[in-house]
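Colleague: Residue 503 in full-length UniProt numbering sits at position 503 of the sequence shown, with consecutive numbering throughout.
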Amino acid sequence: MDYVDPCLGIANCLGPPVCKYLKYHRKLDDYVRNYGMIRRELNCKMEDIELQLKAELLRPLGKIPKKEVENWLKDVKEMIREAQEVENKVSNGRYLCRASNGKLVDEKTQEMQKFLGKAPNASEGLAIDGPSGGLPLPTSELVGEEAVRNEIWACLIQEEVSKIGVWGMGGVGKTTIMKHIHNDLLKQQRFERVIWVTISKEFNVMKVQDNIASALESKEYLDKEEDKLRRAAILSEMLKNAGKHVLILDDVWDKVSLEEVGIPEPSGSNGCKLVLTTRSEHVCKYMGCKVIKVKPLSEEEALILFLNKVGPNIVQSPTIMPTLKIVVRECAGLPLTIVVVAGTMKGEYNPCIWKNALKDLKERIGKVEGVEAEVIERLKFSFDHLKDEKVKDCFLYYALYPEDFEILKVELIDCWIDEIFIGDMDTRQEMEDKGLTILKMLEDNCLLENSTTEFGSVFLKMHDAVRDMALSITRMNPRYIVQAGLQLEELPKRGQWSPDIEKVSLMCNLISEISIDVLPTKCQLLTTLLLQNNPIKKISISFFTNMHCLSVLNLSSTKIESLPNSISELKNLTTLLLWGCYELRDLPCLSMLQELKKLDLLRTKIEEVPEGMDMLIKLRYIDLYVNKSKSRGDGTIEEVGVLYRTFRRHQ
């Protein structure tokens, strides 16, 4: 201290530059703390904007992101990348560099602060109306299929054909062909509207009605109406007023009553067309469609597609080519299996590995009977060739979601981290990088695919045939119950709850009450329970009593008002997700949840810091942002939110 005052006196004499230098040197730690807070806030804002934008894009199909939103998201990702570089530089800096590092951090903090102030205002909307006819759909390369594509197109321009049924086995390319035709129709503007609706295995009249109304940007007219008959009448008028249009119903599993849904009968007089894709020829005939079959690729077409996917270096290997051609033949001309098997074998230059792969494929197919079973076995070939068991776990986790579910990449990686598929690392960034590496592996093997949006390829999808394969694996494994998106009104019966159950997914159903009666005496091995997106209002008091291993509990977007006290007994709980529980007002004491790392209470009615929060020494993430702040004890919710609203590493 004896030297400080003279030094400051000298610095004052030398002028502002030296004062600033000493300030940067002395207050580097303060600058770094402030920098970290702003960086986390910017990252959270980016994630919020992406989630809100996704919600806007999924409601009306004709919406596209505002240009300023696209640009902001693109720029913020670059800024966060640069911020990480600054953080690395500072953490590795020497003592003599403190002043220059302090200046660098301060300048970057101010830059991020200004950028945060320019964030898009979600209340003003993040998307705008797109072209009135519809938006082009993301699609993959089409090899072969020219004849069937031309046949479908010819039917669309013929007045005498009003309903077209495109059928073929799973993985043969029906959806891909129709996506290309959908986009061609938009380009040529032959119709005023082109409407795409995915039906899926679990047909729900009201959901189909909502999807069609959303595509017409008129869903608000159905939202307040619950009677199916009146909804059908309203939708019918919407479609009649939509002018000359093509309605494409993708992935139809059973006959659909057009009258029940509210779809006017297409005819030459109204100029409208109905096209459906299905695995069943019977469905096409029952609905009075012109039947068009999508056949497997010819050997030549199949080989071209395989070679396109497996890579040019392998093509040039004369020792591999004879075996490769037989492998292609075993794929039975199905584009999906060709792409998946080619993705699995990409980068393999050893002829012995190719011969072993051929042997494996033949043995798999020989074990089963039926075309669909053979498709599943071919797809399992790719799954079994994933070398890391953690990567397999990450893939199977996606099967816990409903069919045709799209998820943000960052959200899926978050789930993998919560499930400890990605081990604990020094920084959050390292865990996210590991997650992206796993995603790349699954994408390269064509087990997951990108769903490209106007603002970047951030969403993921799983082909329905690949999901069938994943579910076939979980069914053979007594550790899983997967009944997501099946319109269940209650939990599975007691007999379905094996004592060995580890992961249960009942998300996106119609369950309103959870009773203890259905459970076996103990669920001691259960680690994951996914109940989000159910209208749950009540949970039995003792429901969680015997779930000693439960680690991840997701009750997001339910109508729960309070949680039972038995949740305090979950001593191994690491993740508690209650996002979007708009009626939730309070929580039991959390002090016993010593393993809790993540607590998401965004958009709840929680008004006080939950009791026992100060005991949660492993907590890394908490979101307590609510509309109303109320003091309790030493601080307010607002202060806690600012402190914890992101992941942080405890030393």
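Glycine included, C-beta positions come from ideal geometry on N, C-alpha and C.
Which class does Leu222 belong to by DSSP, given the choice of helix, strand or coil?
Modeller: Correct three-state label for Leu222: helix.
Colleague: By how many angstroms is the C-alpha of Lys493 removed from the C-alpha of Pro499?
Modeller: Roughly 13 Å separates the two Cα atoms.
Colleague: Go ahead and label Val368 buried or exposed: buried means 16 or more other beta carbons lie within 10 angstroms of its beta carbon, across all protein chains shown.
Modeller: So Val368 ends up on the exposed side.
Colleague: Could you say which of Glu50, Ile80, Gly165 and Met79 lies nearest to Lys66 if we only look at CA atoms?
Modeller: The candidate whose alpha carbon is nearest that of Lys66 is Glu50.
Colleague: Might you give, ordered along the chain, the residues of its own chain that have their beta carbon closer than 8 Å to the beta carbon of Ile514, omitting 5 neighbours on each side?
Modeller: So the list reads Leu491, Leu531, Ile536, Lys538, Ile539, Ser540 and Phe543, once near-sequence residues are dropped.
Colleague: Near Ser200, which residues of its chain fall below 6 Å by C-beta distance, leaving aside the five closest residues on each side in sequence?
Modeller: Within the same chain, Ser200 has close Cβ partners Asp251, Glu403 and Asp404.
Colleague: Excluding five sequence neighbours on each side, which residues of the same chain lie with their C-beta closer than 6 Å to the C-beta of Cys13?
Modeller: With a pLDDT of 42 at Cys13, under the threshold of 50, the predicted position of this residue should be treated as unreliable, though the coordinate-derived value follows. Nothing meets the Cβ criterion.
Colleague: Have a look at Pro335, Leu126 and Val86 and flag the residue whose alpha-carbon is nearest the alpha-carbon of Glu107.
Modeller: Minimum Cα distance to Glu107 is reached at Val86.
Colleague: Starting from the N-terminal side, write out each stretch of the alpha helix (DSSP H) that is 4 residues or longer and does not extend beyond the region 301–377.
Modeller: As far as the region 301–377 is concerned, its whole alpha helix (DSSP H) runs of at least 4 residues are 312–315, 321–330, 335–345 and 351–367.
Colleague: Quick one, are the C-beta atoms of Asn183 and Val197 less than 9 Å apart?
Modeller: Taking 9 Å as the Cβ cut-off, Asn183 and Val197 do not qualify as a contacting pair.
Colleague: Note down the Cα distance separating Leu442 from Val391, rounded to an integer number of angstroms.
Modeller: Roughly 8 Å between the two C-alpha positions.
Colleague: Whole angstroms are fine: how far does the CA of Glu141 sit from the CA of Lys174?
Modeller: Near 13 Å, if we compare the C-alpha coordinates of Glu141 and Lys174.
Colleague: Run the CB neighbour count on Val32, radius 10 Å, all protein chains shown included, and call it buried at 16 or more, exposed below.
Modeller: With 16 or more Cβ atoms within 10 Å of its Cβ, Val32 is classed as buried.
Colleague: Check whether the region 236–251 and the region 267–281 are in contact - that is, three or more C-beta pairs closer than 8 Å.
Modeller: With a cut-off of 8 Å, the region 267–281 and the region 236–251 count as touching, because enough Cβ pairs lie within range.
Colleague: If contacts are defined as beta-carbon pairs under 8 Å, then Phe306 and Ala332 qualify, I think. What distance do you get, rounded to the angstrom?
Modeller: Rounded, the Cβ-Cβ distance is 12 Å, inconsistent with contact.
Colleague: Rounded C-beta distance between Ile263 and Leu247? I'm assuming under 8 Å.
Modeller: Ile263 to Leu247, Cβ: 7 Å. Contact.
Colleague: Under the rule that 16 or more other beta-carbon atoms within 10 Å means buried, what is Cys289, buried or exposed?
Modeller: Cys289 should be labelled buried.
Colleague: In whole angstroms, give me the CA-to-CA distance for Asp623 and Ile292.
Modeller: Taking the straight line from one Cα to the other gives about 53 Å.
Colleague: Please list, in chain order, all residues of the same chain as Val205 whose beta carbon is under 7 Å from its beta carbon, the five residues on each side excluded.
Modeller: Excluding residues within five positions, the ones whose Cβ falls inside 7 Å are Lys228, Glu260 and Val261.
Colleague: Kindly give me the distance between the Cβ atoms of Asp575 and Asp393, rounded to whole angstroms, as I take these residues to be in contact under 8 Å.
Modeller: Asp is not the amino acid found at residue 575; the sequence shown has Thr there. With a Cβ gap of about 16 Å, Thr575 and Asp393 do not count as contacting.
Colleague: Please list, in chain order, all residues of the same chain as Cys396 whose beta carbon is under 7 Å from its beta carbon, the five residues on each side excluded.
Modeller: Before going further, note that residue 396 is Leu rather than Cys in the sequence given. The answer, listed in chain order, is Ala470, Ile473 and Thr474.
Colleague: Bridge partners for Arg193 per DSSP, in chain order?
Modeller: The partner list for Arg193 (beta bridge, DSSP) reads His245.
Colleague: Just to confirm before moving on: does the CB-CB distance between Arg279 and Trp167 stay below 9 Å?
Modeller: Yes, these two residues count as a Cβ contact at 9 Å.
Colleague: For the pair the region 343–362 and the region 431–440, tell me if three or more CB-CB distances fall below 8 Å.
Modeller: Contact between the region 343–362 and the region 431–440 is absent, because fewer than three Cβ pairs lie under 8 Å.
Colleague: Under 6 Å Cβ to Cβ from Thr323, same chain only, skipping five residues before and after it: list those, please.
Modeller: For Thr323, where only same-chain residues beyond five positions count, the Cβ hits under 6 Å are Trp354, Lys355 and Leu358.
Colleague: In chain order, what residues of the same chain lie with their CB nearer than 6 Å to the CB of Val328, ignoring the 5 residues before and after it?
Modeller: The residues are Ala302, Leu303 and Phe306.
Colleague: Just to check my reading of the structure: Thr139 and Asn34 have Cβ atoms closer than 8 Å, yes? What is that Cβ distance to the nearest angstrom?
Modeller: Not a contact, Cβ separation roughly 46 Å.
Colleague: Quick one: using the 10 Å Cβ neighbour count with 16 as the cut-off for buried, is Cys7 buried or exposed?
Modeller: Only weak support is given to the placement of Cys7: the predicted model assigns it a pLDDT of 46, under 50, and the value that follows is read from those uncertain coordinates. The residue is exposed, with fewer than 16 neighbouring Cβ atoms inside 10 Å.
Colleague: Find out if the Cβ-Cβ distance for the pair Leu276, Gly171 is shorter than 9 Å.
Modeller: No; because the gap between Cβ atoms is not below 9 Å, this pair is not in contact.
Colleague: In this structure, how does DSSP classify Tyr480 when only helix, strand and coil are distinguished?
Modeller: It is a strand residue.
Colleague: Report buried or exposed for Arg231, applying the criterion of at least 16 other Cβ atoms within 10 angstroms of its Cβ.
Modeller: Per the 10 Å Cβ criterion, buried.
Colleague: Using beta-carbon positions only, say whether Asp410 and Glu68 come within less than 9 Å of one another.
Modeller: This sequence places Val at residue 410; Asp is not what is there. No, these two residues do not count as a Cβ contact at 9 Å.
Colleague: With a 10 Å radius around its C-beta and 16 neighbouring C-beta atoms as the bar for buried, classify Gln188 as buried or exposed.
Modeller: That one is exposed.
Colleague: Take Leu577 as the anchor and find which of Asp600, Glu265, Lys380 and Asp517 has the nearest alpha-carbon.
Modeller: Looking at the Cα atoms, Asp600 is the closest of the given residues.
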